[in-house]
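Scroll down for the structure; my scribbles are underneath it.
Protein chains in written order, with the numbering used here: chain E, 1 to 497; chain H, 1001 to 1276; chain G, 2001 to 2501; chain A, 3001 to 3116.
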């Protein structure tokens, strides 16, 4: 029962990956062409993703059996409602890549552009694959594509410190990947299968046990590291702050979400099998989420570097998502899932706007950037909208998730966390208001800042577009719900107490 | 010695031991790992895939998509190495502080931050030309330690045989342990040995500059091609026509060769790029 | 009777569009004024065009988009919302005229007028909000839009004031959000179309928390003591902003919110059972007296007005909390009465500062000779606050007193009397100095070629607003005047549950 | 082999994993850390291969001379993929270490931290 678009499912993964393999060859004469090539490939990918989503909306979740092998014997691709995330993901890439065309001028020489864009394409393809695969080992391999390209993308912009931040990211990321592989192997040993649905069924037969629990814990820790939850977030701030801004937007907005999507997949397996009582684990998630919110905000307050500030706020926002997942009530999980997308959008806005400002002025600290809004009004306005949005104030996209998760907290009778969520967000606003004050209401201290010009349109267009989307989705908050609600309602009947 | 690493290790070790302790015993033939999917592969693998080496059958056919992504991973490693800044710009200890982050070069009238090392290299025309220029400037022997004539002689003597071994692994892979990846590793080993013994420039000539952009991506491209052919023939991405053993073998062969060549080239290039 | 009509959403949208156009093309003075006035008049026309229907009991509704399942961003022009929208859209016209004169030559006028328009947009949005979520969306947006106005001067003092303002209002907003969320959990709906949506079955403790959260949330902007700290400090803003903040937009939105909570979220019946309104009434009574007392000690003109505002706002809260129809009428009416009188005063004070540079009560000896029109207007406004008959303020106090007696709470009448005396105590010295003290030094002469004491753009709004204060006091019972709208609104509050107004 | 109910092969794998982890967290030299990571990877691969083994099993190659029981082919394919991934990670890590060395002149964390 699949329509014509279902055939596109493997190609939506293969296209960016093959595009990446071709990038050096395509750009051999004109390295700058790599950027246009990558954009074209992502555009087609986005069209395919849109087709898949339309298929999903028309007929519900569907599978693709690679090589024609029945699900458990080959690799199964599964496009369910959570997979719909690939469409916004591809679209965000389509917006971010044009921004990087001119932005890279000050980051790297032309000859390194082809591998850079190849890495971006690999990153996109890896994430798309991660979202649609229905096979545990395949999930691991895609994780590695994403991680490996992310490590490298962190380091492309600078030398010593960038390489160091990337290496730190690599070590921690590699250990987390290993934990994931270990957990996969354990489940394989227990069930004899790697297909998620099959594993879930077989786990129900095998029943619980320490090994099942340890596998779950290994997955959880692994994905928490990927998502940069509070105690294991140490790799994130340096890596995200030091990377070139388009890369920061990708990493902060989307790559950390690999951890969240992964967690959702593991939930699907375990809840489907009903072998573990996850109430205690959910409670731990709620606490970790709350602590992440506060600690992320707390660290961010002391930052002067705008990108470092944004990087810390990612930790806070992941805290929201995890808090929502842990609360395990329908509204909370819906809010968390919606925030996966909204945060990507907001963070992309913020990082691209910050990148524009850095690109035009050459400064990156608040104290240097005073008064920049007069010189760059549109970019600063985008930054302001992003800042308001990330704090979750209406009428912006950030509010939607805060509303849902708060609703979920009270629905789950966890009122203290509802309060913590609402007021924790205000705590975060302290540092954004500092930023906005500096940009708008203080006198410039550098001539370069006062005389900076607006960015070229290839950079301003994406920023303005993303900022407008932040506002529009604040009002039309119901749109992401179309995809998220069925997925959550599928998942939740199996959910803990 | 600081105590916290040990504590961390203990903290990790206990749950892991607890986890593995409750797994089904691994040697038993009735363990799930042998009775589920694995059993079908052993029973019907040869008939379904036409490959006697079932590891290869799993690798290229049943779970061919994994292998596709796997060659993408190794291509990612090359792209990563290529994308990193080249050349050295050492900072002597105790010199001016390096600005945090990749401080960009401002445009126009903006003052240039002090972070000299962060400044970009001048854009060097076409990538290919630049790469070739770099190859030509490369000294005959990259290492500053002179290589002993004995080593050189032995390497030159053995290199063809090792390469032959790699080719054998590639072509006998369907019936003996071996296959594309193993061949790629051995190819790369020959290359690195030659590079160390004879100088990188001579080794680099083995992989012509003009071919590199295509050769390094040949494995993912071959997978995409085979996947497309399979899609046309059987209606499934990366599907092998189950009744046509010739087609199965041809497709598998293309993939193995592409993996060996692509993997070898990538590993060799990673080695070439790792100059200090 | 409910009628689907696009006007309730069009009214806030007009000034929203205007803000966009001002930001886009505002560098040209002509276009900036053109768009602002055009939008202001269109908005007044839109609101007025709905008035006849409202008086006949028609309610215009428009559902915009669904935000969360079952709860959309909806607009609903019931009588109370119409009343508030009328006040704010009318005053926007006057404040705009005044602001053009006041801000002449100031910098960053694009930003100023853009956010000004946004503030009005959100205020009307609050007025027409169909449910608590829509209400909250506009309520918070208002907070953000006023911030650039508060810190307009960009001095460290202004930034500090802005920070305090944001701290108060955003924390308040947080409470309001929690309250709204808990209401949705308890009632399953957030609509403001009914006289009360919560019921006793939710449990008294939950209801108490909801009441507390919502009252704190909206009470911050209504400046109920002890949540008033931001208001006097925010006085550093330019005078048109103070006028807008203190007379129309911000504080009234808070008071409006409190009224909505009492009458449309909880409902009279439930609150009478629960008895939550009594402490609120006591707090409001305390605020009325205490703020007036503080106002006595203030020498800075705008600060004295600010404390007066705090005191006057609690009339609205008190009126709402007494839970009787007559007191509710007073509360609704006072939104308009206080707005026109207080905006007159702010306009005058701004004009004094603009013309003579004086900011303190002690500095304005004999100013009536220099600025007769302004001081006449100020006198009318003062009389209104004291509650002299034939002014708008008298109507409020009369109905409030009747309402208090209706509620058997005669001691509030004492509060009202004390408040009137205190009002006289801090306004009459100003008049005394202005009219009867000789000037300490000669006032600066009229600019050549000018017939009146100040530019017409400043004077016209002052005169019209003062005239309106008198008009409201004299013609209260005339159909079509605010009083009749207020009566329709109050009928809605006290309608039996289940039947919309 | 079982001891006190513990499968010693698996326990050895966990111990190897811990040795690698210790190297990764305790060593100051970046190269040694990388080696530690590789040891950890090897441990996990060993775990997978061990799990796929069967008592007296032959390699799963269906040619003359082999007979049942066969080892499971899937773990071998997994490990092969894993090794390639590990090689790739190692390559990237080495490239980064080379850069760090070129830039700072050292690859000791202790010394890197003292740099301004």
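Virtual Cβ for every residue (Gly too), placed ideally from N, Cα, C.
Against chain G, the beta carbon of residue 406(E) has neighbours under 8 Å at 2177, 2178 and 2181, listed in chain order. Around residue 2214(G), the same chain offers 2176, 2179, 2261 and 2265 as residues with beta carbons nearer than 7 Å, after the five sequence neighbours per side are excluded. Not a single unbroken stretch of the beta strand (DSSP E) spanning 3 or more residues falls wholly within the region 315-353 of chain E. With 16 or more other Cβ atoms inside 10 Å of its own Cβ, residue 1027(H) counts as buried.
Taking every protein chain shown into account, the CB of residue 2410(G) has fewer than 16 other CB atoms within 10 angstroms, so this residue is exposed. At a cut-off of 7 Å between C-beta atoms, residue 129(E) does not count as an interface residue with respect to chain G. Annotation for residue 2072(G): no alpha helix (DSSP H) segment contains it, though the beta strand (DSSP E) segment containing it runs 2071-2077. Per DSSP, residue 2061(G) is one residue of the beta strand (DSSP E) stretching across 2059-2068. Shortest Cα-Cα distance from residue 202(E) to any of 451(E), 74(E) and 274(E) involves 274(E). DSSP places residue 79(E) inside the beta strand (DSSP E), whose first and last residues are 76-79.
By the criterion of a C-beta distance shorter than 6 Å, residue 389(E) is surrounded in its chain by 346, 396, 397, 398 and 470, once the five residues flanking it on both sides are discounted. Take residue 65(E), set aside five residues on each side of it, and the residues of its chain with a beta-carbon closer than 7 Å to its own are 71, 74 and 76, in chain order.
Proximity to residue 2408(G) across 2324(G), 2396(G), 2138(G) and 2259(G) peaks at 2324(G), based on C-alpha coordinates. Using a CB distance below 7 Å, the part of the region 1047-1078 of chain H facing chain E consists of 1061, 1062, 1063, 1064, 1065, 1066, 1069, 1070, 1072, 1073, 1075, 1076 and 1077, ordered along the chain.
Residue 2444(G) and residue 2359(G) have their C-alpha atoms spaced approximately 15 Å apart. For the set 2031(G), 2147(G) and 2181(G), the Cα lying nearest the Cα of residue 2168(G) is the one of 2147(G). When the five nearest sequence neighbours on each side are left out, the beta carbons in the same chain lying within less than 7 Å of the beta carbon of residue 114(E) are those of 23, 24, 27, 31 and 34, in order along the chain. Under a 10 Å Cβ-count criterion, residue 322(E) is classified as buried, with 16 or more other Cβ atoms of the shown protein chains found around its own Cβ. C-alpha of residue 2315(G) to C-alpha of residue 2384(G): approximately 14 Å in a straight line. Remark: C-beta atoms of residue 176(E) and residue 226(E) approach each other more closely than 7 Å.
In the three-state scheme derived from DSSP, where H, G and I count as helix and E and B as strand, residue 2453(G) is classed as coil. Bounds of the alpha helix (DSSP H) holding residue 1081(H) are 1064-1083. Per DSSP, the unbroken beta strand (DSSP E) holding residue 2002(G) starts and ends at 2002-2004. For residue 63(E), the enclosing beta strand (DSSP E) stretches over residues 62-65.
Here residue 2297(G) is exposed. Its C-beta has fewer than 16 other C-beta atoms within 10 Å. Contact check for residue 2172(G) and residue 2217(G): beta-carbon distance about 5 Å, within the 8 Å limit, so the pair qualifies. DSSP places residue 2329(G) in the uninterrupted alpha helix (DSSP H) bounded by 2325-2356. According to DSSP, residue 135(E) shares a beta bridge with 195(E).
The three-state secondary structure of residue 312(E), taken from DSSP, is helix. When DSSP assignments are scanned along the region 3005-3089 of chain A, the uninterrupted stretches of alpha helix (DSSP H) that are 4 or more residues long and fall wholly within it turn out to be 3008-3026 and 3030-3052. For the pair residue 1077(H) and residue 3085(A), the CB atoms are not nearer than the 7 Å cut-off. At a cut-off of 7 Å between beta-carbon atoms, residue 2054(G) makes no contact with chain E.
C-alpha of residue 2202(G) to C-alpha of residue 2184(G): approximately 11 Å in a straight line. Under the three-state reduction of DSSP, residue 110(E) is assigned to helix.
In this structure the region 377-394 of chain E does not lie against the region 123-130 of chain E, because fewer than three pairs of beta carbons, one per stretch, are closer than 8 Å.
Scanning chain A for C-beta atoms nearer than 8 Å to the C-beta of residue 189(E) yields 3051, reported in chain order.
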